[in-house]
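**Q** The structure follows.
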Amino acid sequence: MKYQFSLNIDIGAMLRKYRNKNSLSQEHVSNCLNISRQAYQKWENNDVNFNISQLKKIAELYKIPLHMIITESYTYY
Numbered sequence: 001m002k003y004q005f006s007l008n009i010d011i012g013a014m015l016r017k018y019r020n021k022n023s024l025s026q027e028h029v030s031n032c033l034n035i036s037r038q039a040y041q042k043w044e045n046n047d048v049n050f051n052i053s054q055l056k057k058i059a060e061l062y063k064i065p066l067h068m069i070i071t072e073s074y075t076y077y
């Protein structure tokens, strides 16, 4: 038996959620992550492919386990 599913990961939505939950600006978060505000904006818009070191920085910033970034960002279809 063959199972198929799609995994849609929306890390950008998770980033917006945590940023807004903590009442932070894109400028503040981008400074904490040592990237430009424009680069961070691309992150929130899912215009980039994330690597593990970027995801670790996000987890450290929001003091959440790394796996939560993925598990809170996906939906099955």
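First residue of the sequence shown? That's 1 in the UniProt record's numbering, and the numbers climb one at a time after it.
Cβ coordinates follow ideal geometry from the N, Cα and C atoms, glycine included.
None of the values given here were measured: they were computed from a predicted structure.
Classify L15: buried if its beta carbon has 16 or more other beta carbons within 10 angstroms, exposed otherwise.
**A** Taking the sequence shown and counting its residues from 1, one reaches residue 15 at position 15. With 16 or more other Cβ atoms within 10 Å, it is buried.
**Q** With the cut-off set at 7 Å, would you say I69 and I52 are in Cβ contact?
**A** The count along the sequence shown starts at 1 and reaches residue 69 at position 69. The count along the sequence shown starts at 1 and reaches residue 52 at position 52. No; because the gap between Cβ atoms is not below 7 Å, this pair is not in contact.
**Q** Looking at C-alpha atoms only, which residue of S36, A39, W43 is the closest neighbour of K17?
**A** Reading the sequence shown from its first residue, position 17 is the one you call residue 17. Out of S36, A39, W43, W43 has the C-alpha closest to the C-alpha of K17.
**Q** Closer than 7 Å by C-beta to K56: which residues in its own chain qualify, once you throw out the five before and the five after it? Chain order, please.
**A** Position 56 of the sequence shown, counted from the first residue, corresponds to residue 56. Within the same chain, K56 has close Cβ partners L66.
**Q** Between I35, K63, N46, which has its C-alpha nearest I11's C-alpha?
**A** Counting from 1 along the sequence shown, the entry for residue 11 is found at position 11. Per the Cα distances, N46.
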